[in-house]
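Working notes, structure below.
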Amino acid sequence: MKNINIKIIISFLGLTSMLNGVFMLIAVPFSMYHNEPAQTGILLAGLTTILVGFLLWFFNRNAPKNLQKKEGYLIVTLGWLMLTITGTLPYLFSGAIPNFTNAIFETISGYSTTGSSILTNIESMPKGILFWRSATHWIGGMGIIVLTVAILPLLGIGGMQLFMAEAPGPSADKMHPRITETAKRLWLIYFLLTFTEFFLLKIAGMTWFDAINHAMATLSTGGFSTKNASIAHWNGAPIIQYIITIFMFIAGANFVLTYFALKGKLRKVFQSEEFKYYFFGVLTLTILISILIVNYQDPNLVTTINHPKPWGETESAFRHAVFQVTSILTTTGFVSADFTMWNSFATMLMFSLFFIGGSAGSTSGGVKIVRHIIMIKNSLFEFKKLLHPNAIIPVRYDGTGVPKNIIFNILAFFVLYMGIFISSSVLLTFFGLDFESAFGAAASSLGNIGPAIGSVSPVDNFAHLSIGAKWICSFLMLIGRLELFTVLILLTPFFWRKN
Numbered sequence: 073m074k075n076i077n078i079k080i081i082i083s084f085l086g087l088t089s090m091l092n093g094v095f096m097l098i099a100v101p102f103s104m105y106h107n108e109p110a111q112t113g114i115l116l117a118g119l120t121t122i123l124v125g126f127l128l129w130f131f132n133r134n135a136p137k138n139l140q141k142k143e144g145y146l147i148v149t150l151g152w153l154m155l156t157i158t159g160t161l162p163y164l165f166s167g168a169i170p171n172f173t174n175a176i177f178e179t180i181s182g183y184s185t186t187g188s189s190i191l192t193n194i195e196s197m198p199k200g201i202l203f204w205r206s207a208t209h210w211i212g213g214m215g216i217i218v219l220t221v222a223i224l225p226l227l228g229i230g231g232m233q234l235f236m237a238e239a240p241g242p243s244a245d246k247m248h249p250r251i252t253e254t255a256k257r258l259w260l261i262y263f264l265l266t267f268t269e270f271f272l273l274k275i276a277g278m279t280w281f282d283a284i285n286h287a288m289a290t291l292s293t294g295g296f297s298t299k300n301a302s303i304a305h306w307n308g309a310p311i312i313q314y315i316i317t318i319f320m321f322i323a324g325a326n327f328v329l330t331y332f333a334l335k336g337k338l339r340k341v342f343q344s345e346e347f348k349y350y351f352f353g354v355l356t357l358t359i360l361i362s363i364l365i366v367n368y369q370d371p372n373l374v375t376t377i378n379h380p381k382p383w384g385e386t387e388s389a390f391r392h393a394v395f396q397v398t399s400i401l402t403t404t405g406f407v408s409a410d411f412t413m414w415n416s417f418a419t420m421l422m423f424s425l426f427f428i429g430g431s432a433g434s435t436s437g438g439v440k441i442v443r444h445i446i447m448i449k450n451s452l453f454e455f456k457k458l459l460h461p462n463a464i465i466p467v468r469y470d471g472t473g474v475p476k477n478i479i480f481n482i483l484a485f486f487v488l489y490m491g492i493f494i495s496s497s498v499l500l501t502f503f504g505l506d507f508e509s510a511f512g513a514a515a516s517s518l519g520n521i522g523p524a525i526g527s528v529s530p531v532d533n534f535a536h537l538s539i540g541a542k543w544i545c546s547f548l549m550l551i552g553r554l555e556l557f558t559v560l561i562l563l564t565p566f567f568w569r570k571n
């Protein structure tokens, strides 16, 4: 342990806690405006979190500023645990979620941008609590660690180790050679997109409160809604659903490409191999599922009610198809229709999206499209090697050869991902879930998706899960958000060996 800088870790946890407390205080005016008793609990939670964070930072502020990989992994993982523990306080202190396990589940679901919930009547919750719930999405979406990296130069600390641990995917794209400048640009884009969606949703007919909550949940690819029926609440307002669909798609794309698009460099966007797969994948699946909805769905489904044929039904089918495909692929988890009520083929198509995820460098969870592209290319490469064993055939991505260590990392990630999914599904059956629900809950939690299949379908929630099952899902949400290695490396004995 001598080779780990403990003081800088504690100092950083304190800084993270203080920032988290400030976000809590932002929720207080929403509660005060509606004259809710919860305002006292939220205020106390915010002040307590800031005080704890200040004490941790103050007594370790003069720690040596050397930050290595080990400290980076510890800071990110422990930072998320700190966020989770302090993030439960508004729920516990206000009495909105008095049960600790439920509060942990809802909080980690928020920060990990999963969107699974244990709340059975969302609309009865205090407005301040609903805002805080959405704010946990917004904080976790880009990662409060990246936000903190942007101000680390003020403390004389380098941030590359933190950024790599926070965003450990295969994409190494940078918008600026200095990592702190990258973090600032990421958050500026994130904020501007959130404000733009809020403005458009307000114009489209949402209340200002619903608009700001759904904007935060969309850009973070989270999925928490202020309504019990999620986005299905606005099935009579197609424009709202189209706006959310567009911003889900943007949030699921690489933010570096979004930066280039905003600068007018559209050619760079469409040159991206991952973006082309992403765009045409959404388009193809939307058309296919639209056809399935129109021709094979239950005639009593909400998608056909009150829509004159033929155009009304076709538009409704297309809208729900593109909404749900984008929602699941980007791991947002908003619901406009219960896709488990479509025919079995359509449901299985939707479930298969649980294992794809959005783009690298986005706020999406899941395996990520780029990993699938490289795994498929590597598989084809192996077939070619069988026929031409002496040929040198590199795996190329975006016209550049992919280093072997990246390929091995991706293969290891996928094997580990599927192994965790299978073992956790088996474990969830031990805690009372049936086969289908266990698979759905495990895939949804690990992929940070939200709605699943079985008893945790889009029209259900996770409230009925046992205590053990909720803790398993909470752990899956955490490691899924940090892409497995960042957390699991801490469980290996060689991590703790002295150099």
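Residue numbers for the sequence shown follow this note's numbering, so the first one is 73 and each next one is one higher. Beta carbons are placed, not taken as given, at the ideal position from N, Cα and C, and that holds for glycine. In this text the structure is predicted, and so the values were computed from the model without any measurement.
Short of 7 Å from the beta carbon of histidine 444, and not among the five residues preceding or following it, lie these beta carbons of its own chain, in chain order: Ile428. No Cβ-Cβ contact shorter than 7 Å links isoleucine 446 with tyrosine 331. A contact between stretches requires three or more CB pairs, one per stretch, nearer than 8 Å, and the segment 402 to 415 fails this requirement with the segment 486 to 497.
Counting other Cβ atoms within 10 Å of its Cβ, alanine 463 stays below 16 and is therefore classed as exposed. From the listed residues Ile81, Leu119, Ser196 and Asn92, the smallest Cα separation to lysine 141 is found for Ile81. Here tryptophan 568 is exposed: its Cβ has fewer than 16 other Cβ atoms, across all protein chains shown, within 10 Å. Cβ neighbours of leucine 97 within its own chain (closer than 6 Å, five residues either side excluded): Gly118. Going by beta carbons, isoleucine 201 and alanine 276 fall outside the 7 Å limit. Listed in chain order, the non-local C-beta contacts of alanine 301 below 8 Å within the same chain comprise Val407, local neighbours out to five positions each way being set aside. DSSP places arginine 569 outside both helix and strand once states are collapsed to three, so it counts as coil. Leucine 258 is positioned such that its CB atom lies closer than 7 Å to that of phenylalanine 327.
Under the three-state reduction of DSSP, glycine 118 is assigned to helix. DSSP, read as helix, strand or coil, puts threonine 149 in helix. Glu195 is the residue among Trp152, Glu195, Phe511 and Phe485 whose C-alpha sits nearest the C-alpha of phenylalanine 296.
Rounded to the nearest angstrom, the gap between the Cα atoms of phenylalanine 453 and leucine 139 is 39 Å. DSSP places glycine 473 in the strand class (E or B) of the three-state scheme.
Between the C-alpha atoms of serine 399 and isoleucine 169 there is a straight-line separation of about 27 Å. With contacts defined by Cβ atoms closer than 7 Å, leucine 329 and valine 341 form a contacting pair.
The bridge partners DSSP lists for arginine 468 are Gly473. Out of Asn533, Thr558 and Ile561, the CA that lies nearest to the CA of serine 189 is found in Asn533. The way I'd put it, the segment 547 to 567 does touch the segment 516 to 528; three or more beta-carbon pairs between them come closer than 8 Å. In the DSSP annotation of this structure, the continuous segment of the alpha helix (DSSP H) that includes tryptophan 204 starts and ends at 199 to 214. DSSP places glycine 144 in the helix class (H, G or I) of the three-state scheme.
No residue range can be given for valine 439, since it is assigned to no alpha helix (DSSP H) and is classified by DSSP as neither H nor E. The criterion of a C-beta distance shorter than 7 Å is not satisfied by leucine 537 and alanine 514. Membership of alanine 514 in the alpha helix (DSSP H) is indicated by the continuous run 507 to 518.
Sorting Asn450, Gln396 and Ser416 by C-alpha distance to the C-alpha of leucine 425 places Gln396 at the top. In this structure, glycine 324 sits near glycine 430, with a CB-CB distance shorter than 7 Å. Per DSSP, methionine 420 is one residue of the alpha helix (DSSP H) stretching across 416 to 424. Exclusion of the five residues before and after glutamate 143 leaves Ile76, Asn77, Ile80, Ile81 and Gln233 as the residues of its chain whose Cβ lies within less than 8 Å of its Cβ.
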